[in-house]
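A short write-up of the structure that comes next.
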Amino acid sequence: MRVHHIGYLVKHIERAKEAFSSFGYVESKAVCHDAARDADICFLKNGDCVVELVSPRSEASVVWRLLKKLGDAPYHICYASEDFERDVERLKNGNCVVVADTAAAPALEGRNAIFLSVRNLGLIEIVEDTRLE
Numbered sequence: 671m672r673v674h675h676i677g678y679l680v681k682h683i684e685r686a687k688e689a690f691s692s693f694g695y696v697e698s699k700a701v702c703h704d705a706a707r708d709a710d711i712c713f714l715k716n717g718d719c720v721v722e723l724v725s726p727r728s729e730a731s732v733v734w735r736l737l738k739k740l741g742d743a744p745y746h747i748c749y750a751s752e753d754f755e756r757d758v759e760r761l762k763n764g765n766c767v768v769v770a771d772t773a774a775a776p777a778l779e780g781r782n783a784i785f786l787s788v789r790n791l792g793l794i795e796i797v798e799d800t801r802l803e
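Encoded structure:
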């Protein structure tokens, strides 16, 4: 597995894009709505570093409470897996607990993604291997 992106909760995507642009980030994928998570998502890139901006649309969003608790902040690391099912099983049999089951990720061309909580590390996401161009 390799690091794919850092997930960053934000109240306002456009304001966050502007702030990240002052550090050399450029939009690599336009804003996309993830209906299942009731959130808007956008990817920014600076060299090899990719940031995913996630902004809940309403209190029904799965990340609403987390944004209220943390404010604008990074909240997960995503890893791309070339063998998604094997890597997820290995992690589930280790020290990881599934917090959001495997589902298609609209912002990543519908590839499978899963969220796990890792003891002593926090929240991670695993996505089927994909490269943001």
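When you number the sequence shown by the numbering used here, it's gap-free, plus one each residue, and the end is 803.
Even for Gly, the Cβ is constructed at its ideal location relative to N, Cα and C.
Beta-carbon within less than 6 Å of residue i's beta-carbon, same chain only, minus the 5 sequence neighbours each way: which residues are those?
{"i": "A768", "result": "The question names Ala, but residue 768 in the sequence shown is Val. The answer, listed in chain order, is L786."}
{"i": "G717", "result": "none"}
{"i": "H682", "result": "none"}
{"i": "D710", "result": "I683, V701, H703, S725"}
Beta-carbon within less than 7 Å of residue i's beta-carbon, same chain only, minus the 5 sequence neighbours each way: which residues are those?
{"i": "V673", "result": "I747, Y749"}
{"i": "D799", "result": "A750, S751, E752"}
If you follow the alpha helix (DSSP H) that residue i is part of, which residue opens it and which one closes it?
{"i": "F713", "result": "Per DSSP, F713 belongs to no alpha helix (DSSP H); it is in the beta strand (DSSP E), 709-716."}
{"i": "F690", "result": "683-691"}
Would you list the one or two residues that DSSP bridges to residue i?
{"i": "K699", "result": "F713"}
{"i": "S751", "result": "E798"}
{"i": "S725", "result": "D710"}
From residue i to residue j, what does the alpha carbon distance come to, in whole angstroms?
{"i": "P744", "j": "V788", "result": "16 Å"}
{"i": "G677", "j": "G792", "result": "12 Å"}
{"i": "R760", "j": "I796", "result": "12 Å"}
{"i": "R781", "j": "E752", "result": "12 Å"}
{"i": "K762", "j": "G694", "result": "37 Å"}
{"i": "L802", "j": "S698", "result": "Model confidence at L802 stands at a pLDDT of 48, short of 50, so the residue's coordinates are unreliable and nothing is read from them."}
{"i": "K687", "j": "G741", "result": "16 Å"}
Tell me, to the nearest whole angstrom, how far the beta carbon of residue i is from that of residue j; I am working on the premise that it is less than 8 Å.
{"i": "V733", "j": "P726", "result": "5 Å"}
{"i": "K715", "j": "V696", "result": "6 Å"}
Along the chain, where does the beta strand (DSSP E) that runs through residue i open and close?
{"i": "A774", "result": "766-775"}
{"i": "L679", "result": "672-679"}
{"i": "R781", "result": "781-788"}
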